[in-house]
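Chains as they are written, first to last, in the working numbering: chain A, 38 to 351; chain B, 3 to 384.
We treat Cβ as the ideally placed atom computed from N, Cα and C, and that holds for glycine.
Please read all numbers here as calculations on a predicted model, not as lab measurements.
Presented below is the structure to which this report refers.
See below:
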């Protein structure tokens with residue numbers, strides 16, 4: 038049972054952060070289908086830092102540098118979306134898909150080249166080992182092994198909720214996603230706001246990426262990317278109706294099912310049931326599809342999302 | 003407007019130029035990446051990718067054999083691109099193509115290995131499976147207002163896990179090698195001109211069928227009332243409804259046809275026996291490469307054939323790289339860059355329109371028309 042809670046916390050941390058990222062981007066009017074790719078970049082940068090840091094680095098240095106690297110990598114890669122979709126009016130779905138492919142290919146190439154160079158041409162794998170870094174994030178509280186990642190995620194969630202409802206900035210951001218021409222008419226820079234939205238999503242998804250690969254594992258094969266976590270977060274975001282607190286609840290729901298597929302072997306009752314682990318894997322997707330079917334009639338999606346901003350349009 | 007337009011002003015020609023530009027830029031960037039990874043061997047590496055199977059230029063049988071393999075391997079990606087562009091022309095972004103392709107794999111391999119059906123029935127099963135998966139997506143879109151991109155993504159993963167359960171069955175899966183058994187003899191597709199391609203038995207009727215499918219799509223979209231209705235529904239659901247079309251039926255039909263093509267793609271690939279299915283932890287990339295190919299081909303059914311051949315040529319070219327210096331995924335990276343650049347096609351086009359307008363006879367009028375056309379293109383609902 039302890040394991041179930043542990044996995045649920047980790048998965049919800051990932052889903053909350055990445056879904057919040059998606060939310061900020063969509064609220065500003067840009068559909069960020071490249072979350073998956075941004076996560077891969079964030080994960081790779083974070084893992085690289087953990088591998089490269091010297092053995093005697095303190096826990097604090099490891100934690101802060103890893104998070105910073107992941108966040109920066111996420112923000113930089115999100116610029117690829119921002120530039121194409123905001124300045125060049127590119128098709129947002131296409132660019133998102135391209136970024137996902139780009140990220141997996143780039144991460145594989147970079148990690149393989151890194152391994153080859155480090156091992157003098159004996160290791161061609163796309164795998165990174167970061168046991169030391171993984172351990173630095175661990176602490177125990179009341180008998181349950183927890184990770185600093187979860188604390189970081191909880192903090193960011195609180196910040197996001199406050200920011201989303203209480204600041205002028207977020208109000209302006211949301212205006213740009215609903216009716217950019219009206220926002221521009223009262224002096225808000227639509228391009229600026231959309232850049233801000235996409236970069237925030239890069240920041241959050243980058244951190245989400247490193248949590249996904251490092252909180253429960255101490256090695257990662259980069260040829261798998263992040264195995265659909267980014268897409269799952271998009272579902273969480275829609276399920277959460279583009280609102281931070283609802284996103285948090287739906288992320289936890291998704292995370293429970295996701296963890297069940299990982300740990301059901303250890304739970305006597307579930308193991309006795311004649312259900313294969315794959316079924317638990319399918320569950321989140323089936324549930325979200327059904328829930329979407331019942332809730333999408335009055336969807337609260339930002340009105341202007343997916344439409345390139347055109348100043349002259351009425 | 004009855005005005006003679008120069009070649010450069012024709013939209014089709016501009017798309018062609020833009021796509022070629024994307025490809026060239028992508029290759030250039032690929033070269034730069036190779037250069038950063040290992041400056042000494044960059045030129046050699048790029049040459050290996052581009053020369054590809056022409057390495058065997060002095061041995062005609064080998065050359066034709068590998069040419070045949072490239073053709074066979076580009077069949078699924080071209081068909082996936084056709085599926086995506088068909089849906090795109092009708093206003094739907096069928097990202098669920100990957101899932102429809104996956105259920106196509108399930109149907110064709112299960113009927114081909116466990117049930118040993120005739121190849122024709124296997125193909126039909128694959129088409130039906132893909133169509134069913136497209137139908138589910140279309141149903142959610144039409145009746146529940148679920149965005150087809152999100153529904154498609156969910157269905158992709160559901161398809162993948164179902165695939166792993168069904169094809170993980172002992173009847174189909176060789177558990178020691180963790181890949182599927184060979185396709186049974188009477189389920190293999192009949193060969194087509196295989197002695198022309200150095201006795202490459204993988205060259206089957208799949209190759210000509212792909213070209214036929216592309217032509218049929220071109221015809222349906224541009225020359226039939228049915229195609230017109232689908233396109234009209236994509237442009238504006240409400241206007242189509244007002245004009246007396248059954249908008250919901252049209253949305254579902256678009257996705258059913260798109261899914262059927264994706265299913266066909268899987269059948270025509272796996273029933274050649276060129277590749278065995280392995281249990282995977284992520285959705286087959288074919289559907290996503292299809293998006294790339296569709297856009298690189300300028301969203302034109304015939305353009306997609308050439309784009310598909312090009313993409314497959316580069317991807318396979320990665321295997322000719324010297325693994326001491328580079329890894330084959332560099333080719334995937336190049337493809338991803340090319341797709342990313344495809345997003346800028348609209349921008350390339352506006353640039354191309356500018357100089358001709360300055361030299362042209364009446365500047366203002368023409369540009370206004372173009373802008374209006376571009377704007378309607380933007381307004382599609384995502």
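{"Query": "Residue 127/A at chain B interface by Cβ criterion, 7 angstroms", "Result": "yes"}
{"Query": "Short-range partners of chain B found in the region 259-272 of chain A, where Cβ spacing is below 9 angstroms", "Result": "260, 261, 262, 264, 265, 268, 269, 271 and 272"}
{"Query": "Residue-chain proximity (residue 166/B, chain A), Cβ-Cβ < 7 angstroms", "Result": "yes"}
{"Query": "Cβ of residue 135/B within 7 angstroms of any chain A Cβ", "Result": "no"}
{"Query": "Any C-beta of chain A under 7 angstroms from that of residue 156/B", "Result": "yes"}
{"Query": "Proximity below 7 angstroms, CB of residue 53/A to CB of residue 208/A", "Result": "no"}
{"Query": "Collapsed DSSP secondary structure at residue 90/A in the structure displayed", "Result": "coil"}
{"Query": "Three CB pairs or more closer than 8 angstroms across the region 222-242 of chain B and the region 97-106 of chain B", "Result": "no"}
{"Query": "Partners in chain A for residue 240/B, counting only beta-carbon separations shorter than 8 angstroms", "Result": "Neighbours of residue 240/B on chain A: none; closest Cβ ~16 angstroms, over 8 angstroms."}
{"Query": "CA-to-CA distance, residue 148/B to residue 235/B, given in whole angstroms", "Result": "17 angstroms"}
{"Query": "DSSP-derived helix/strand/coil call for residue 279/A", "Result": "coil"}
{"Query": "Three-way DSSP call (helix, strand, coil) for residue 175/A in this model", "Result": "strand"}
{"Query": "Residue interval of the alpha helix (DSSP H) (run including residue 237/B)", "Result": "227-237"}
{"Query": "Neighbour-count burial assignment, residue 392/A, 16 or more Cβ in a 10 Å radius", "Result": "Because chain A here runs from 38 to 351, residue 392/A falls outside it and cannot be looked at."}
{"Query": "DSSP state of residue 180/B mapped onto helix, strand, coil", "Result": "coil"}
{"Query": "Assumed close pair residue 189/B, residue 119/B - CB separation to whole angstroms, cut-off 8 angstroms", "Result": "6 angstroms"}
{"Query": "One or two residues paired with residue 218/A in a DSSP bridge", "Result": "DSSP output for residue 218/A lists no bridge partner at all."}
{"Query": "Residue 84/B, buried or exposed, once every other Cβ within 10 Å from all chains shown has been counted against 16", "Result": "buried"}
{"Query": "Chain-ordered neighbours of residue 344/B on chain A, where CB pairs are closer than 8 angstroms", "Result": "131 and 135"}
{"Query": "Proximal residues of chain A, C-beta to C-beta of residue 146/B below 8 angstroms", "Result": "329, 330, 331, 333 and 334"}
{"Query": "Complete runs of the alpha helix (DSSP H) confined to the region 231-259 of chain A [at least 4 residues]", "Result": "none"}
{"Query": "Coil, strand or helix - residue 136/B by DSSP", "Result": "helix"}
{"Query": "Minimum C-alpha distance to residue 133/B - residue among 267/B, 184/B and 180/B", "Result": "267/B"}
{"Query": "Test: residue 363/B CB closer than 7 angstroms to a CB of chain A", "Result": "Interpretation of residue 363/B is limited by its pLDDT of 43, a score under 50 that renders its predicted location unreliable; the figure taken from the coordinates is listed afterwards. Residue 363/B does not count as touching chain A."}
{"Query": "Cutoff 8 angstroms; reference residue 44/A; Cβ partners in own chain excluding five residues on either side", "Result": "253, 292, 295, 296, 299 and 300"}
{"Query": "Paired residues, beta bridge with residue 92/B - DSSP", "Result": "Paired residue(s): none; residue 92/B is not in a bridge."}
{"Query": "Opposing strand residues paired with residue 198/B [DSSP bridges]", "Result": "Bridge partners of residue 198/B: none, in fact."}
{"Query": "N- and C-terminal bounds of the beta strand (DSSP E) containing residue 166/A", "Result": "164-166"}
{"Query": "Near-chain B residues of the region 274-292 of chain A (beta-carbon distance less than 7 angstroms), N- to C-terminal order", "Result": "275"}
{"Query": "Residue-level contact to chain A via CB, residue 16/B, 7 angstroms cutoff", "Result": "no"}
{"Query": "Cβ contact (3+ pairs, closer than 8 angstroms) linking the region 323-333 of chain B and the region 16-28 of chain B", "Result": "no"}
{"Query": "Bridge-paired residues (DSSP) for residue 184/A", "Result": "175/A"}
{"Query": "Host alpha helix (DSSP H) of residue 165/B (start-end)", "Result": "150-169"}
{"Query": "Three-state secondary structure assigned by DSSP to residue 175/B", "Result": "strand"}
{"Query": "For residue 112/A, the first and last residue of its enclosing alpha helix (DSSP H)", "Result": "96-119"}
{"Query": "Cβ-Cβ separation, residue 157/B to residue 138/B (assumed contact under 8 angstroms), whole Å", "Result": "6 angstroms"}
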